[in-house]
Amino acid sequence: MRVLSIALAVLGLIQIANGAVSLVAPSVVAEMYGAPAGSPGVHFLLATAGARFIGYGIGMVAAAWAPRRHQLWIITMLGIQVVDFVAIMVFIADGTFPVSRFGPTVALPLVWVVVLGWVSMRNRRPSSASEQESTQYQPN
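Numbering of the sequence shown is given in the working numbering, commencing with residue 14 and proceeding in unit increments.
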């Protein structure tokens, strides 16, 4: 369980850091993606996305403390990482993002898909007999 908690905390901290940069310095993030300099629409989208990154980061840190109680956070983040991976692959494949610049960014979502997939599979099974009893339906 310790490895799981560490992985979730690291993921949360990465999300919070990315969110903070997107929120505070959207022009830096826009430049990294090759977006037009000074585009207010792009800056707005990055700033609002940054707030969501921070929110999910906090959710991952909370999940790190009690993964079995926070399955929804873990499963939704797994979905987000799958979408990130597919989106990066599509944008690289169609030439929008150059492989030389964005190729390495494929690895991080893939790592999190593997880790969160493992986490969600592992957390579906109660770890002890007492936990199994507490999760069984008990009529009033």
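Think of the CB as a built atom: it goes at the ideal place given N, C-alpha and C, for glycine as much as any other residue.
For residue i and chain C, any beta-carbon pair shorter than 8 Å?
{"i": "PHE110", "result": "The question asks about chain C, but that chain is absent: this structure has only one protein chain."}
Taking the beta carbon of residue i as the centre, do at least 16 other beta carbons fall within 10 Å, making it buried, or is it exposed?
{"i": "TYR46", "result": "exposed"}
{"i": "LEU85", "result": "exposed"}
{"i": "LEU98", "result": "Sequence inspection shows Phe at residue 98; the Leu mentioned does not correspond to that position. Per the 10 Å Cβ criterion, buried."}
{"i": "PHE110", "result": "buried"}
{"i": "PRO53", "result": "exposed"}
{"i": "VAL37", "result": "exposed"}
{"i": "ILE67", "result": "buried"}
{"i": "ILE29", "result": "buried"}
In angstroms, rounded to a whole number, what distance separates the CA positions of residue i and residue j?
{"i": "VAL126", "j": "ARG135", "result": "14 Å"}
{"i": "PRO49", "j": "ARG82", "result": "43 Å"}
{"i": "PRO80", "j": "PHE104", "result": "33 Å"}
{"i": "TYR69", "j": "ALA106", "result": "28 Å"}
{"i": "VAL112", "j": "ALA43", "result": "18 Å"}
{"i": "LEU123", "j": "GLY116", "result": "12 Å"}
{"i": "ILE93", "j": "LEU59", "result": "16 Å"}
{"i": "ARG15", "j": "GLY51", "result": "44 Å"}
{"i": "SER40", "j": "ILE27", "result": "19 Å"}
Thinking C-beta only, is residue j closer than 8 Å to residue i?
{"i": "MET194", "j": "GLY25", "result": "Given a span of 14 to 153 for the chain in the structure shown, any question on residue 194 remains unanswerable."}
{"i": "ALA76", "j": "LEU121", "result": "no"}
{"i": "LEU17", "j": "VAL96", "result": "no"}
{"i": "THR118", "j": "ILE101", "result": "yes"}
Is the stretch 56–68 touching the stretch 26–34 in the sense that three or more CB pairs, one from each, lie closer than 8 Å? Between the stretch 26–34 and the stretch 56–68 there are three or more C-beta pairs closer than 8 Å, enough to call the two in contact.
Write down every uninterrupted run of the alpha helix (DSSP H) in the stretch 40–92 whose length is 4 residues or greater and which is fully enclosed by it, in chain order. Runs of the alpha helix (DSSP H) inside the stretch 40–92: 53–78.
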